[in-house]
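**Student:** Pasting in a structure now, in structure tokens, and then I'll have a few things to ask.
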Amino acid sequence: DQQVKQNSPSLSVQEGRISILNCDYTNSMFDYFLWYKKYPAEGPTFLISISSIKDKNEDGRFTVFLNKSAKHLSLHIVPSQPGDSAVYFCAASSRGATNKLIFGTGTLLAVQP
Amino acid sequence: GAGVSQSPSNKVTEKGKDVELRCDPISGHTALYWYRQSLGQGLEFLIYFQGNSAPDKSGLPSDRFSAERTGGSVSTLTIQRTQQEDSAVYLCASSTPRDRDYGYTFGSGTRLTVV
Chain C
1 DQQVKQNSPS LSVQEGRISI LNCDYTNSMF DYFLWYKKYP AEGPTFLISI SSIKDKNEDG
61 RFTVFLNKSA KHLSLHIVPS QPGDSAVYFC AASSRGATNK LIFGTGTLLA VQP
Chain H
1001 GAGVSQSPSN KVTEKGKDVE LRCDPISGHT ALYWYRQSLG QGLEFLIYFQ GNSAPDKSGL
1061 PSDRFSAERT GGSVSTLTIQ RTQQEDSAVY LCASSTPRDR DYGYTFGSGT RLTVV
């Protein structure tokens, strides 16, 4: 059972335009959501997070939006740069002893110069 | 060290052999996680260590998989009698209990190939 879903395996965007990556979840107990970025042969690196008490969090070119009623979140990158080309993973957790993250399958973003 | 260190970076083994994968977390990080990423898949949780608490082993796929963490620092993931479906990138991550805002710090992973 895939609790965190990223339905788009890949996305191609022109440099300077907006990239929108989407993520859906099924577990209503999730209360914290994160985005990670992964380059080939490297481990994932943390990008941005959002708590379920918020509906938006912004950090520079990156903004995450959370729609709890739809169990949907999205990552917006504006403006997109070629260096943003990577695999983006959405992850979720619920407060508890483990604090483990449940990851989606990732979206490969290609930003064309 | 400055980051999470994993060794080896690559491992090719014959089916049926045992392998050990090592993780050195960031100094002072009390939580340590193992994940794996199979081809075309997301990151799959395997096991979690937090301080002296009993580990959360709920993600281990079979009893051929085990992990230990010695002295609250270095961790070893052992896979016995490896199978071809064990081929994946095994990722280790560490964090502090208050790292919820920043997530984990991952190592670069060990790419395991079972032939």
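Going down the list, the protein sequences come from chains C and H. Read in our numbering, the first sequence has 18 at position 18, and its numbers run on one by one without any break. Read in our numbering, the second sequence has 1095 at position 95, and its numbers run on one by one without any break. Every residue gets a Cβ at the ideal spot worked out from N, C-alpha and C, and that includes glycine. Computed from a predicted structure; not experimentally measured.
1) Out of curiosity, what's the CA-to-CA distance linking H/GLN1080 and H/GLY1103?
2) Looking at the C-beta of C/LEU34, does it have a partner C-beta in chain H at a distance below 8 Å?
3) For the stretch 1078–1094 of chain H and the stretch 1021–1036 of chain H, state whether three or more C-beta atom pairs, one from each stretch, are separated by less than 8 Å.
4) Report buried or exposed for C/ALA86, applying the criterion of at least 16 other Cβ atoms within 10 angstroms of its Cβ.
5) Take the Cβ of C/LEU47 as the centre, count every other Cβ of all protein chains shown within 10 Å, and call the residue buried at 16 or more, exposed below.
6) Got a sec, what are the start and stop residues for the beta strand (DSSP E) H/GLU1020 sits in?
7) Please report the Cβ distance between C/PHE30 and C/SER94, rounded to the nearest whole angstrom; I am assuming they are in contact, meaning their Cβ atoms lie under 8 Å.
8) Cα-Cα, which of H/GLN1041, H/GLU1014 and H/HIS1029 is closest to H/GLY1051?
9) I want to see whether chain H comes within less than 8 Å of C/ALA110, judged by CB atoms only; does it?
10) For H/SER1027 and H/PHE1049, what's the separation of their Cα atoms in angstroms?
**Tutor:** According to the data block:
1) Computed Cα separation, rounded: 30 Å.
2) C/LEU34 belongs to the set of residues whose beta carbon lies under 8 Å from a beta carbon in chain H.
3) Output reads yes: the stretch 1021–1036 of chain H touches the stretch 1078–1094 of chain H.
4) Per the 10 Å Cβ criterion, buried.
5) It counts as buried.
6) Where H/GLU1020 is concerned, the enclosing beta strand (DSSP E) stretches over 1019–1024.
7) Contact flag correct, Cβ pair sits at about 5 Å.
8) Restricting attention to H/GLN1041, H/GLU1014 and H/HIS1029, the CA atom closest to the CA of H/GLY1051 is found in H/HIS1029.
9) No Cβ of chain H is located within less than 8 Å of the beta carbon of C/ALA110.
10) Cα-Cα distance, rounded: 15 Å.
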